[in-house]
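A.B. asks: Chains as they are written, first to last, in my numbering: chain A, 1 to 320; chain B, 321 to 566. Glycine included, every Cβ here is placed at the ideal spot set by N, Cα and C. Quick one: structure below, then a few questions.
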Amino acid sequence: MSPRLSIVRHGPLMTVQDQGRYGYRSRGVSTSGAMDRDAYAIANALAGNKPGAAAIEFGLIGGSMTTDKDVLVAVTGGNCKIEIAGKPVAAWESHILQAGETLTVGALQGAVWGYIAVSGGIATSPMLGSRSTHLRTGVGGMDGRTLTAGDVLPLGEPDMLTPLVLGQPYFRRPHPILVVPGPQNDYFEEAVWRDFLTRPFQVTTSRDRMAMVLNGPPLRAFKGHDIVSDATVVGSIQVPGSGKPIVLTADAQTTGGYPKIATVASFDLARLTQMPSSQNFAFRAISPDTAEELFIAAQERLEAVLGSVCSKTKKRFWEP
Amino acid sequence: MTRSDGAISYPRIVRSGDQAVSIEFSDSVSESANRQVLTLDASISAHPIAGVLETIPTYRSLAVVYDPRQARGSAIGEELIRRSVSAESGELPAGRLFEFPVLYGGEHASDLDELAKIKNISVDEVIDLHAAAEYRVYMIGFAPGFAYLGGLPEILHTPRLGIPRQRIEAGAIGIGGQQSSINSVPGPSGWRFVGRTPYRLFDPNRHEPFLLKAGDRIRFLRIDAEEAGHLDDRVARGELDIREIA
């Protein structure tokens with residue numbers, strides 16, 4: 001009998017996610033997957049899982065859970081209070097959760113999306129090649145819905161149960177959110193562009209896995225706010241008639257009819273999705289070529305961090 | 321490309337960040353632009369471009385999703401323009417032809433009476449007009465399997481509702497502007513609905529989860545409530561495969 005994970009208490013937006021569902025966008029299927037791909041990948045590596053194993057994503061507040069066999073667990077995404085059998089443990093490293101013990105994950109501080117990876121991975125049935133949950137269409141994960149107390153999730157068999165840590169730190173530098181202008185950059189006049197690139201914006205509380213509505217100077221499209229529907233991507237910044245930009249995220253629909261002023265550079269999207277509501281930030285425009293180079297460099301840094309994962313008995317980077 | 325008179329010349333390349341590049345053939349809905357999109361898409365399926373992960377064909381543009389570690393967007397854009405020149409003359413297959421049985425009116429056709437009133441014709445005339453046309457799937461998007469159809473008779477062109485409805489069922493047949501549609505999953509919609517088909521455009525548990533693809537052709541066949549109920553039962557039991565009639 002393979003191990004199982006039981007949800008005792010659930011946060012408001014807990015779902016099963018992996019690295020996303022690819023190859024079906026021409027059929028209208030969103031990619032979904034973790035909102036913060038790096039934090040998800042690191043949680044998996046710390047739990048001793050292969051890349052792509054499914055984990056639990058939670059929005060703002062975690063929950064508590066138990067297993068019927070000993071497993072490794074790791075929580076990433078941001079810092080929060082984590083307890084195993086009532087004893088505090090650290091985020092961004094893995095711990096043994098013994099059969100019958102309870103893992104409790106509190107509220108994230110300064111971040112929005114957290115990840116709980118369990119050794120063996122969440123083993124719900126894949127749908128169209130992925131275990132990711134797409135809430136709007138009820139596809140994937142646990143019957144296509146958020147997790148709730150009483151749910152029992154199947155787990156894969158773990159390879160080993162050695163607690164792991166990162167051998168080198170993972171961090172993101174604070175700077176403006178980088179965007180690539182377009183595809184409908186010509187719908188907006190110079191004055192609007194000046195506002196877009198100089199004035200502060202905030203993520204509002206109207207945010208979920210599909211999109212985030214921003215607050216800031218209203219952006220008027222002089223050519224109008226309707227286009228013949230075309231493809232949208234994760235990171236598209238749509239501008240509807242309200243003038244309030246909408247940034248599409250993991251569960252984004254595949255097509256849309258609003259002009260898109262810009263696209264968030266993919267390496268920078270997680271920093272925006274992790275930004276607490278009401279916090280000021282600015283946009284800065286870069287070329288597609290630069291965005292590609294920054295993405296490649298960020299992937300290389302992530303690979304190095306994932307490759308640095310090692311047993312806790314080894315020397316850590318922050319110890320003298 | 322912008323000409324000196326300010327007009328845009330097509331095809332042109334636009335960028336969507338660092339992992340997608342689109343080629344646009346027009347800024348409006350046209351069958352010829354859509355044919356160019358689908359012909360180029362077929363060319364990429366037959367002769368893949370290195371680094372391209374997937375494509376998203378829409379009314380007038382083809383978005384190409386790529387991995388920047390394998391290929392740069394600028395090079396992919398150049399290749400799309402090169403191929404589009406030959407795609408213009410390329411032959412596009414006619415597309416599969418399907419017949420969808422439709423129960424017009426009833427509980428899933430909240431707008432049929434209103435539509436007849438707006439157009440100043442009878443409900444039966446609305447139904448006959450809608451059912452007599454042959455439609456073409458211009459694109460699949462918005463939701464899994466959702467089909468945007470071109471070919472709606474002009475007299476039935478009607479703007480979308482000002483306030484969308486919260487829940488429209490799968491299978492509902494809608495009218496939005498110049499287009500018709502078949503709903504694939506339950507969800508909100510501002511389209512006007514005239515009937516429903518028992519067939520399911522999307523069923524993730526089916527051997528082929530998606531019924532339609534861009535380029536397919538569709539005819540509607542009017543059925544009565546009794547037959548619709550019968551077909552509902554067979555669809556629920558997974559017994560029914562849609563007929564390709566040409």
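#1: Going by DSSP, what residues sit across from A/Ala285 in a beta bridge?
#2: What separation, rounded to the nearest whole angstrom, lies between the Cα atoms of B/Asp347 and A/Asn185?
#3: I'd like to know whether the C-beta atoms of A/Leu147 and A/Cys310 end up nearer to each other than 8 Å.
#4: In the structure shown, what three-state DSSP assignment does A/Asp251 receive?
#5: Which same chain residues, not among the five before or five after A/Ser308, have their C-beta less than 7 Å away from its C-beta?
#6: Our contact map puts B/Val382 next to B/Ser342 with C-beta atoms below 8 Å; I'd like the distance itself, whole angstroms only.
#7: Could you tell me if A/Lys50 is buried or exposed, where buried requires 16 or more neighbouring beta carbons within 10 angstroms of its beta carbon?
#8: Select from B/Arg557, B/Gln486, B/Ile460 and B/Ala414 the residue whose C-alpha is nearest the C-alpha of B/Ser504.
#9: Between the segment 360-374 of chain B and chain A, which residues of the former have a C-beta closer than 9 Å to a C-beta of the latter?
#10: Between the C-alpha atoms of B/Pro473 and B/His450, what's the straight-line distance to the nearest angstrom?
#11: Please name the residue or residues paired with A/Val105 in a DSSP beta bridge.
#12: By DSSP, does B/Trp511 sit in helix, in strand, or in coil?
#13: In terms of residue numbering, what span does the beta strand (DSSP E) encompassing B/Ser352 cover?
#14: Residues of chain A with CB under 7 Å from B/Pro524, in chain order?
#15: Residues in its own chain within less than 7 Å of A/Asp251 by CB, not counting five upstream and five downstream?
#16: Put B/Gly393 into one of helix, strand or coil per three-state DSSP.
#17: Identify the contact partners of A/Arg25 in chain B, using a Cβ-Cβ distance below 9 Å as the criterion.
#18: Could you name the residues of chain B that A/Pro158 contacts, counting a contact when the two beta carbons are closer than 9 Å?
#19: So which residues of chain B does A/Val29 contact, with C-beta pairs closer than 7 Å?
#20: What three-state label does DSSP hand A/Phe267 in the structure shown?
#21: Could you please give me the residues that DSSP links to A/His95 through a beta bridge?
#22: Are the segment 108-115 of chain A and the segment 218-227 of chain A touching, with three or more C-beta to C-beta distances below 8 Å?
#23: From the beta carbon of A/Gly20, is the nearest beta carbon of chain B less than 8 Å away?
#24: Please classify A/Val152: is it buried, with 16 or more other beta-carbons within 10 angstroms of its beta-carbon, or exposed?
#25: Of the residues B/Ala534, B/Pro506 and B/Ala556, which one's Cα is nearest the Cα of B/Arg485?
#26: Beta-carbon of A/Glu93 versus every beta-carbon of chain B: anything under 8 Å?
#27: Is the beta carbon of A/Thr273 less than 8 Å from the beta carbon of A/Met35?
#28: Could you check the C-alpha separation between A/Asp195 and A/Pro217 for me, to the nearest Å?
C.D. replies: The relevant details are as follows:
#1: Within the first sequence, the letter at position 285 stands for residue 285 of chain A. Its beta-bridge partners are A/Val179.
#2: Mapped onto the second sequence, residue 347 of chain B falls at position 27. Mapped onto the first sequence, residue 185 of chain A falls at position 185. Taking the straight line joining both Cα atoms gives about 14 Å.
#3: Along the first sequence, read from residue 1 onward, the residue named residue 147 of chain A stands at position 147. Along the first sequence, read from residue 1 onward, the residue named residue 310 of chain A stands at position 310. The answer is no: Cβ separation not under 8 Å.
#4: Indexing the first sequence from 1 puts residue 251 of chain A at position 251. Three-state DSSP puts A/Asp251 in coil, outside helix and strand.
#5: Mapped onto the first sequence, residue 308 of chain A falls at position 308. The residues are Leu166, Gly167 and Gln168.
#6: Here residue 382 of chain B refers to the residue found at position 62 of the second sequence. Here residue 342 of chain B refers to the residue found at position 22 of the second sequence. Note on identity: in this sequence residue 382 of chain B is Leu, with Val being the wrong assignment. Contact holds; Cβ gap of about 7 Å.
#7: As a first step, residue 50 of chain A must be located in the first sequence, where it is residue number 50. Label assigned to A/Lys50: exposed.
#8: Taking the second sequence and counting its residues from 1, the one referred to as residue 504 of chain B is at position 184. When only C-alpha atoms are compared, the closest one is B/Ile460.
#9: Asp361, Leu373 and Glu374
#10: Translated into the one-based positions of the second sequence, residue 473 of chain B becomes position 153. Translated into the one-based positions of the second sequence, residue 450 of chain B becomes position 130. Taking the straight line joining both Cα atoms gives about 7 Å.
#11: The residue given as residue 105 of chain A occupies position 105 in the first sequence. Note: A/Val105 sits in a beta bridge opposite A/Ile82.
#12: To locate residue 511 of chain B, count along the second sequence from 1; it is residue 191. It is coil, neither helix nor strand.
#13: Taking the first residue of the second sequence as position 1, residue 352 of chain B is located at position 32. Run containing B/Ser352: none in the beta strand (DSSP E); it sits in the alpha helix (DSSP H), Glu351 to Ala366.
#14: Stepping through the second sequence from its first residue, residue 524 of chain B is reached at position 204. What B/Pro524 touches in chain A: Met127, Leu128 and Val139.
#15: Taking the first sequence and counting its residues from 1, one reaches residue 251 of chain A at position 251. The answer, listed in chain order, is Ser30, Ser32, His134, Leu135, Arg136, Arg209 and Met210.
#16: Your numbering for residue 393 of chain B matches position 73 in the second sequence. B/Gly393 falls in the helix class under three-state DSSP.
#17: Here residue 25 of chain A refers to the residue found at position 25 of the first sequence. Within chain B, the residues near A/Arg25 are Glu374, Thr375, Ile376, Ala383, Val385 and Gly461.
#18: If you number the first sequence from 1, residue 158 of chain A lands on position 158. Per Cβ cutoff of 9 Å: no residues; A/Pro158 is ~29 Å from chain B at best.
#19: In the first sequence, the residue the question calls residue 29 of chain A occupies position 29. Residues of chain B passing the Cβ test: Pro464.
#20: Residue mapping note: residue 267 of chain A aligns to position 267 of the first sequence, counting from 1. A/Phe267 falls in the helix class under three-state DSSP.
#21: Taking the first sequence and counting its residues from 1, the one referred to as residue 95 of chain A is at position 95. A/His95 pairs with A/Val73.
#22: no
#23: Against the first sequence, residue 20 of chain A aligns to sequence position 20. So, not an interface residue.
#24: Taking the first sequence and counting its residues from 1, one reaches residue 152 of chain A at position 152. A/Val152 should be labelled exposed.
#25: The residue you call residue 485 of chain B lines up with position 165 of the second sequence. Residue B/Pro506 is the option with its Cα nearest to B/Arg485.
#26: On the first sequence, residue 93 of chain A is found 93 positions in, with the first residue counted as 1. Answer no: the Cβ-Cβ gap between A/Glu93 and chain B never drops below 8 Å.
#27: Here residue 273 of chain A refers to the residue found at position 273 of the first sequence. Here residue 35 of chain A refers to the residue found at position 35 of the first sequence. Contact: yes.
#28: Here residue 195 of chain A refers to the residue found at position 195 of the first sequence. Here residue 217 of chain A refers to the residue found at position 217 of the first sequence. Their Cα atoms are separated by approximately 7 Å.
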